[in-house]
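With positions in the sequence shown counted from 1, the corresponding number in my numbering is that position plus 269.
Just so you know, even glycine gets a beta-carbon here, dropped at the ideal spot from N, CA and C.
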Amino acid sequence: SMTATVVPSHAFELKSLISVNLPACTSVGMYAFNNCISLTYVNIPACTKVYNAAFSYCTSLISIDLPVCTLIGSSAFIGCWSLTSVRLPVFTSIGSSAFYGCSKLTSVNLPACKTVGGSAFYKCTSLTSIDLPVCTSIGSYVFFSCMSLTSVSLPVCTSIGSYAFRYCNKLTSVNFLPNCKNIDDYAFQYCYALTYVNIPVCTKLGSMVFQ
270 SMTATVVPSH
280 AFELKSLISV
290 NLPACTSVGM
300 YAFNNCISLT
310 YVNIPACTKV
320 YNAAFSYCTS
330 LISIDLPVCT
340 LIGSSAFIGC
350 WSLTSVRLPV
360 FTSIGSSAFY
370 GCSKLTSVNL
380 PACKTVGGSA
390 FYKCTSLTSI
400 DLPVCTSIGS
410 YVFFSCMSLT
420 SVSLPVCTSI
430 GSYAFRYCNK
440 LTSVNFLPNC
450 KNIDDYAFQY
460 CYALTYVNIP
470 VCTKLGSMVF
480 Q
């Protein structure tokens, strides 16, 4: 437990660290907890920014709750294999590869998120549903190989990047994009269970989108 308001880059790269309590902390620097493989508990309730790779390869971290955080940098939680739950209620932007390979992640709460960077949930193979009520843009490879994904809600999204839902082979319907205007190449490639497609305002459809 500490009173620090800022955790600097590379501050705690300790394999023995189990618990972090930083009630006054407002930002976590790049690689701050990188490779803290024993870290299971994190309490940073005042944190507004988590920078690139801050918790990368914290392989024992089970859940993260960031009630006032508005920004998550690239690769922030990459390789957090044990992460099952993420709560980011005021969060607006996810960096690329932020939750890359979080294979046990089942629950994501992102009611204020507007943009999702490339590969953000790449190979999150246990993720079953995602609700992004105010998200306007999904980058490339975002849900690549999310093989358990069955329910998606993107009511205001206007753009889907290439390979975004590739290998989402439990996705049966594309009825979640009522305002999408642009879908890039291969976005739904190899979605073998897909039986229904509804994209009423789409004006630009890339190559092999539904191959």
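Just to confirm the assignment: which complete beta strand (DSSP E) runs, minimum length 3, are found wholly within the segment 405–470?
420–422
CA-CA distance, Tyr369 and Val337?
22 Å
Where do the ends of the beta strand (DSSP E) carrying Asn290 lie?
288–290
Would you decide whether Tyr310 is buried or exposed? Buried here means 16 or more other CB atoms lie within 10 Å of its CB.
exposed
May I have the straight-line CA-CA distance separating Thr427 from Thr328, to the nearest angstrom?
34 Å
Among Leu474, Asn321, Ile331, Thr339, which residue has its Cα nearest to the Cα of Asp454?
Leu474
Can you tell me which residues form a DSSP beta bridge with Ser332?
Ser354
Residue from Tyr300, Leu291, Phe302, Val297 whose Cα sits closest to the Cα of Ile313
Leu291
Could you spell out the range, first to last residue, of the beta strand (DSSP E) harbouring Val377?
376–378
Tell me, to the nearest whole angstrom, how far the beta carbon of Phe390 is from that of Cys349; I am working on the premise that it is less than 8 Å.
That pair is no contact at about 12 Å.
Output yes or no for whether 8 Å exceeds the beta carbon distance between Asn444 and Ala462.
no
Buried or exposed for Tyr326, please, with buried defined as at least 16 other CB atoms from any protein chain shown within 10 angstroms of its CB.
buried
Are Lys383 and Thr361 close, meaning C-beta to C-beta below 8 Å?
yes
Short check: CB of Ala301 to CB of Ala315, under 8 Å?
no
Could you name the residues of the same chain whose beta carbon sits closer than 8 Å to that of Gly387, not counting the 5 residues immediately before and after it, in chain order?
Ser365, Ser366, Gly408, Ser409, Tyr410, Val411, Gly430
Ile363, buried or exposed, once every other Cβ within 10 Å from all chains shown has been counted against 16
buried
Going along the chain, which residues of its own chain have a beta-carbon closer than 7 Å to the beta-carbon of Pro469, five neighbours each way excluded?
Pro447
Taking DSSP as the reference, what is the three-state secondary structure of Ser278?
coil
In angstroms with no decimal places, state the Cα-to-Cα distance between Val377 and Ser476.
30 Å
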